[in-house]
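Heads up, the thing below is written out as structure tokens.
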Amino acid sequence: METMNPELKTACDTYLSELAEKEALDAEEIRTGLHSGTMVLLYNPGHENCIPTLIGQPASVKINANLGTSPFLIDQDLELSKARSAADAGADTIMDLSTGGDLDISRTRFLQEIELPLGTVPIYCVAQEYIADGKDPAEMGEDELIREIRQQAEQGVDFMTLHCGVTRRAVQLAKQADRKMGVVSRGGSLLARWMEANDRENPLFERFDEVLEVCARHNVVISLGDGLRPGAGADAGDSAQWEEVIVLSQLGRLAREKGVQVMIEGPGHVPLHQVESQIQQIKRVCDYAPLYVLGPLTTDISPGYDHIGGAIGGALACKAGADFLCYITPAEHLTLPNEYDVWQGVMASAVAAHSAEVSLGRPAAIEKNNRISEARKALDWESIADYSLDPGMVKKRRENFASKEECAMCGEFCAVKLFS
Ligand code: SF4
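If you count the sequence shown from 1, you need to add 49 to reach our numbering.
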């Protein structure tokens, strides 16, 4: 990045030593990462009480929890409760993906009541006004989209998914590719529909300069959305996906030239054997900007258990260089997640992130493994709980036999006691 926007510069000066301590990194390494664009700092000064959060390895892998209402289920209190649950489980950020009810109120409450950086997809808000009125979202105006981005930036949104790379050419390639699943991103699908109906190019692509101006002013990180990500393993790595990645890479450079921080969003559904190569190539093409992956899901047949497929893909992806995991819950592809699903989704991502960090040789992650191993060897159940990702779960699982030194798995056959 040639110049940091003034808000980022101030945030960097204010929080650098705090971030360095939290991430166990050298402060100058972080400053260099922010300058080059291999790291981003989620922090819109308009979001009071926001915890400034660094994304981009070698900072720790971060986890996002998607929340928000749907047209079928509108309960903002429940969404806030889910957000608190996500934070307790260890999520680093949340995204408000609401599409039902008063989206302005929903966003404002997240901003006021949750300290984690907040991400949004502004096109949802514009489209919702049309869809809720029974109108075609292809009627939405370009200016409305830019206005919405500006309003959300002013409100304090820390990062926004903007599908600027869904160009007419990329959509055409997706159509020609005879995909199993076509376009599976809501934002991508709305824009593809809009472009076809209006015979125009994507306004977020054409008016990218205006978007940059807004984002620079408020230090909003642009998460360049992968609107044409594969939604089926069979679609992974096709020409439409790569066309979009190349456009995103060019837009990322333009953004950094204007002092705007950028993340790249990644797949999607990707078979296991393609995860590593996809991640490495996307990172390379996009100048090693932080990569925010949506899974990747390594199988298409796990509805109800997609958090497991997502964790498998997520671990591999982070080992290959991905920086930020969007959780997948057991409700993925089926329904709006409840609190249990949110907790499970964050835990699955945490397992993936930690597995990758151990594999990458991160001292803090290895230290965590060693501490719990020592506690297990000593049958020190208090410490085992403390060092676990989910201490409450450990205690709950132990409670029926809590008075015993061994656990109920082997009882007196406890291998740790028989030979140590
Ligand atoms: S009882 Fe079995 S599972 Fe439990 S701590 Fe001992 S060896 Fe491990």
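Even for Gly, the Cβ is constructed at its ideal location relative to N, Cα and C. Remember, it's a predicted structure, so these values are computed and weren't measured experimentally.
Sequence-distant residues of its chain with Cβ nearer than 8 Å to residue i (five each side left out)
| i | result |
| --- | --- |
| Asp-83 | It should be pointed out that residue 83 corresponds to Leu in this sequence rather than to Asp. Counting only Cβ-Cβ distances below 8 Å, and skipping sequence neighbours, we find Met-50, Met-53, Leu-57, Cys-61, Val-89, Leu-90 and Gln-310. |
| Asn-98 | Glu-164 |
| Glu-455 | Leu-428, Glu-461, Cys-463, Val-465 and Lys-466 |
| Phe-254 | Cys-213, Gly-214, Val-215, Thr-216, Val-296 and Leu-300 |
| Gly-315 | Asp-275, Arg-278, Gln-327, Ile-328, Ile-331, Leu-340, Tyr-341, Val-342, Leu-343, Pro-345, Ala-366 and Ala-371 |
| Ala-457 | Asn-449 and Phe-450 |
| Ala-413 | Ala-73, Ser-109 and Glu-406 |
Endpoints, beta strand (DSSP E) assigned at residue i
| i | result |
| --- | --- |
| Gly-168 | 167-169 |
| Cys-375 | 373-375 |
| Val-233 | Premise fails: Val-233 is in no beta strand (DSSP E) and is neither H nor E. |
| Lys-111 | 111-116 |
As assigned by DSSP and simplified to three states, the class of residue i
| i | result |
| --- | --- |
| Ala-285 | coil |
| His-403 | helix |
| His-318 | strand |
| Phe-208 | strand |
| Met-396 | helix |
| Met-144 | strand |
| Ile-163 | coil |
| Leu-65 | helix |
| Thr-52 | coil |
| Leu-346 | strand |
| Ser-119 | strand |
| Thr-535 | Missing from the structure shown is residue 535; the chain here goes from 50 to 469 and no further. |
| Arg-249 | coil |
| Gly-86 | coil |
| Asp-192 | helix |
| Gly-460 | helix |
| Glu-70 | helix |
| Asp-355 | helix |
| Gly-301 | helix |
| Gly-362 | helix |
| Cys-213 | coil |
| Leu-277 | coil |
| Asp-75 | coil |
| Ser-408 | helix |
| Lys-466 | helix |
| Thr-157 | helix |
Range of the contiguous alpha helix (DSSP H) that encloses residue i
| i | result |
| --- | --- |
| Val-473 | Absent from the structure is residue 473, since the part of the chain shown begins at 50 and ends at 469. |
| Met-442 | 440-447 |
| Ala-552 | The structure shown has nothing for residue 552, since the chain only spans 50 to 469. |
| Val-220 | 217-225 |
| Asp-182 | Here Asp-182 belongs to no alpha helix (DSSP H), and DSSP marks it neither H nor E. |
| Asp-435 | 430-436 |
| Ala-413 | 412-426 |
Straight-line gap, residue i to residue j (C-alpha atoms, nearest Å)
| i | j | result |
| --- | --- | --- |
| Ile-217 | Ala-187 | Residue identity differs from the one stated: residue 217 is Arg in this sequence, not Ile. The straight-line gap from Cα to Cα measures roughly 15 Å. |
| Asn-93 | Val-263 | 12 Å |
| Arg-256 | Met-442 | 49 Å |
| Glu-67 | Glu-77 | 12 Å |
| Val-206 | Asn-113 | 14 Å |
| Ser-422 | Leu-116 | 35 Å |
| Arg-333 | Ser-238 | 27 Å |
| Glu-162 | Leu-129 | 8 Å |
| Thr-347 | Val-319 | 5 Å |
| Gln-225 | Ala-402 | 36 Å |
| Ile-104 | Asp-372 | 6 Å |
| Asp-182 | Asp-192 | 19 Å |
| Ser-469 | Lys-426 | 8 Å |
| Leu-222 | Ser-288 | 7 Å |
| Thr-59 | Ala-424 | 43 Å |
| Gln-393 | Asp-248 | 43 Å |
| Ile-180 | Ser-109 | 39 Å |
| Pro-55 | Met-209 | 19 Å |
| Arg-196 | Glu-178 | 14 Å |
| Ile-154 | Leu-146 | 13 Å |
| Ile-377 | Glu-388 | 13 Å |
| Glu-203 | Ala-265 | 12 Å |
Beta-ladder partner(s) of residue i, from DSSP
| i | result |
| --- | --- |
| Val-311 | Ile-271 |
| Tyr-341 | Glu-314 and Phe-373 |
| Thr-102 | Leu-91 |
Chain-order list of residues whose beta-carbon lies under 6 Å from that of residue i (same chain, five-residue window excluded)
| i | result |
| --- | --- |
| Ala-246 | Ala-187 |
| Ala-397 | His-356 and Ala-360 |
| Ser-298 | Val-334 and Cys-335 |
| Lys-229 | Ala-281, Ala-283 and Asp-284 |
Cβ shell of residue i (< 7 Å), same chain only, five flanking positions each side left out
| i | result |
| --- | --- |
| Gly-150 | Thr-118, Ile-123 and Gln-125 |
| Pro-252 | Glu-191 and Leu-194 |
| Ala-405 | Val-110, Ala-364, Cys-367 and Lys-368 |
| Asp-439 | Met-396 |
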